[in-house]
Amino acid sequence: MWNAKNSVVITALVVSIVLIFGSTPSSAESFDYKNPPQGVFYDEWMNVDMLGQKVGYMHLQMSRAGEVVNTQSLMTISLKRVGSPVTISTLQTTTETLSGEPRKFTSEMDASVQKLHMHGTIQDGKVAVASKQYGAAVVNKYDFPTGAVMVWGNIRIQAKMGYATGTEYSFDMYEPSLAADTSGKMDVKIVGKETIEHGGKQVQAIHVTQKTRYPAMPGEMVTETWMNEDGIPLKSSSSLIGMQMILVRTTKDKALADFSPPEFFMPTTIKVNRSIDREKARRIEFQLLLKDKTQQMSQLPQTDMQTPGEVSGHSARLIVQRLDHQSLKKVEKQSFGPEFAEFLKANPIINSDDPAVLAMAKEARRDANKPYEIADNLRKYVTTTIKNKNLDVGFASASEVCRNKEGDCSEHAVLLAALGRACGLPSRIACGLVYVPVFGGADDIFGFHMWTQFRIGDKWVDFDAAQMESDCNPTHIAFGVSSLQNSGLGQIVFGLINVIGNLELKIEKIELAGN
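Set out below in structure tokens:
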């Protein structure tokens, strides 16, 4: 079984869902947004459809308590990854003033065996974000993005601007589960009145287009929504990881009715034009092309293994080459300046200060002293200690993996990164593609993947515990690297949201060892 793949796709899906949370309009016409009634004043349910069938539901509720408005958003979907079921739930709450100023928030992401809980407070232009797992809490403080709003603030802006055809406006949205230290930009356009099918009937609706983007996103998330005359959403459609997610207004009973999870992972894999000998391959030249020619290919990161070439419109060139591991083995003890602090300290995902992780790091390191030897011992330990290499875990923290010893590529990557930090090795996560000769009945494919990089000497060196490689082969294509210091899922996969399901890959040249 290929266990080095698709938590990347799961994470991209979760990020896209959260973006949809923030971009789906809600009713502002059915109540006075300046003075909504006390108690629950908004309670709507929607079916979630993907790949032509129902996969889950969404529930949004708003209530007033005195001079604040509380919102609660829940989305639950079920899918299959090569036959293995996975359920993804996101639960978010906000507390905002009547005028739309954020005060508090919580976020629970459950795509694994343990929930990641985040909560925060906003006061005096600062936001304190706390994340907690297994009793270990991590608190980070940031400047709150000036003028940014959350759910209720979003609705107030919509109500103020109205729904007249041709109306356009922009505002900043704050979504800490994606990026705790910055905000995203939302552009809104009222397209006009249209006739749509809803509930088996033809109805008049107001068409609204919303585009959401973040600084690290190469493109944008586009959501098309159709609302009735009261401003209540009837239908919403967004493209994510190469598929359409459609939300349709319904009743609570219908929203909670049974639904069947479809297979969604195999359609995200990429068939290539030739086979690759991973053991002998020393250097590979690639061409990457976006299927949607209207989108712009983003610049890939420069790493010590990969060298991006020219980017032209929807295509790019890339060279990936093995590192000289014999020279890396000669590196002696090393020290690091303040620029490496974020790669050495614990965070909610790479929680290297967990006592269980520290104990595991000591056991995995054994008596190694040189940086490369430490990294190699840790990689081998993670490869063998995660015995239940399944596809049932969505995205788990190092603390979870340390205790449960199960998962796929992301679980291998974050545990290895945490063990490295516990041993004084700076680490970061790489997110992108890797080649697999045969998987899920297909051959010669690339799938989305995560692995680990350690700083050894003056280089970031790739180690892949899921694929059992310390000397990583040159089929590893990184679309992004991150310390994960800000605990936002967005920083992991923003660069992939417009790529998954939208990429072609051509191998132009392979150089083998000894040639």
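Each residue of the sequence shown is one higher than the last, beginning at 382 in our numbering. Where a beta carbon is used, it is the ideal one built from N, C-alpha and C, also for glycine. Because the structure is a prediction, the values reported are computed rather than measured.
*Would you list the residues sitting across from W426 in a DSSP beta bridge?*
H440 and T631
*Apart from the five residues just before and just after F552, which ones in its own chain have a Cβ nearer than 7 Å to its Cβ?*
V530, I538 and M567
*Span of the alpha helix (DSSP H) holding I657?*
No alpha helix (DSSP H) holds I657; DSSP gives it neither H nor E.
*N758 by DSSP, collapsed to three states: which one?*
helix
*Just curious, the beta strand (DSSP E) that K541 is in, first and last residue?*
No beta strand (DSSP E) contains K541, which is instead part of the alpha helix (DSSP H) from V532 to M542.
_Under the three-state DSSP convention, the category P614 falls into_ = strand
*Identify which residue in G690, I665, R594 and I577 has its Cα closest to the Cα of A586.*
I577
*If you draw a straight line from the C-alpha of K616 to the C-alpha of Q504, how long is it?*
36 Å
*asked:* Just verifying my parser: in three-state terms, what is the DSSP assignment at H695?
replied: coil
*What are the start and end residues of each continuous alpha helix (DSSP H) run of 4 or more residues lying completely inside the segment 839 to 895, in chain order?*
871 to 874
_Opposing strand residues paired with N521 [DSSP bridges]_ = V510
*In this structure, does DSSP put E792 in helix, strand or coil?*
helix
*Please report the residue range of the beta strand (DSSP E) in which S345 lies.*
Within the shown structure, residues of the chain are numbered from 382 to 896, placing residue 345 beyond reach of any answer.
_Taking contact to mean 3 or more Cβ pairs, one atom from each stretch, closer than 8 Å, check whether the segment 760 to 768 and the segment 702 to 721 are in contact._
no
*asked:* Let me check one thing: in DSSP terms, what residues is N903 bridge-paired to?
replied: In the structure as shown, the chain starts at 382 and stops at 896, and residue 903 therefore has no counterpart that could be examined.
*Can you tell me whether D845 is buried or exposed, with buried defined as 16 or more other CB within 10 angstroms of its CB?*
buried
*asked:* If you reduce the DSSP assignment to three classes, tell me which class K710 lands in.
replied: coil
*Taking C-beta to C-beta, are V569 and T452 nearer than 7 Å?*
no
_In DSSP terms, what Y816 is bridged to_ = F827
*Are I810 and Y753 closer than 7 Å when you measure CB to CB?*
no
*With DSSP as the reference, label Y753 as helix, strand or coil.*
helix
_Alpha carbons only, please: which of T546, M427 and P557 is nearest the one belonging to A490?_
The amino acid at residue 490 is misidentified as Ala; the sequence shows Met. Checked all of T546, M427 and P557; the closest Cα to M490 is P557.
*asked:* Whole angstroms are fine: how far does the CA of A446 sit from the CA of G376?
replied: Since the first residue shown for the chain is 382 and the last is 896, residue 376 is missing from the structure and cannot be characterised.
*Note down, in chain order, each residue of its chain lying with its Cβ closer than 6 Å to the Cβ of V795, except the 5 sequence neighbours on either side.*
I730, I731 and A779
*Within its chain, find whatever has a CB closer than 6 Å to the CB of Y544; leave out the 5 residues flanking it on each side and keep chain order.*
I571 and I587
*Alpha carbon to alpha carbon, what distance is there between D843 and A749?*
19 Å
*asked:* Let's test the definition: count the other Cβ atoms within 10 Å of the Cβ of L893 and tell me whether it reaches 16, buried, or not, exposed.
replied: exposed
_Identified DSSP bridge partners for Y550_ = V569
*Give the straight-line distance between the Cα atoms of D825 and Q848, rounded to the nearest whole angstrom.*
16 Å
*asked:* For G801 and S791, which I take to be in contact (beta-carbon distance under 8 Å), what is that distance rounded to the nearest angstrom?
replied: 16 Å between Cβ atoms; not a contact.
*asked:* Output needed for Q683: all residues of its chain with C-beta closer than 8 Å, excluding positions within five of it in sequence on either side, in chain order.
replied: P689
*Taking A597 as the reference, give the member of K522, D639 and S679 with the closest Cα.*
S679
*Per DSSP, M626 forms a beta bridge with which residues?*
M431 and S619
_Assuming contact is defined by CB atoms lying nearer than 7 Å, are T631 and N428 in contact in what I supplied?_
yes
*Could you give the residue range of the beta strand (DSSP E) that holds K582?*
K582 to R594
_Sequence-distant residues of the same chain with beta carbon closer than 6 Å to H440, five excluded per side_ = W426 and L455
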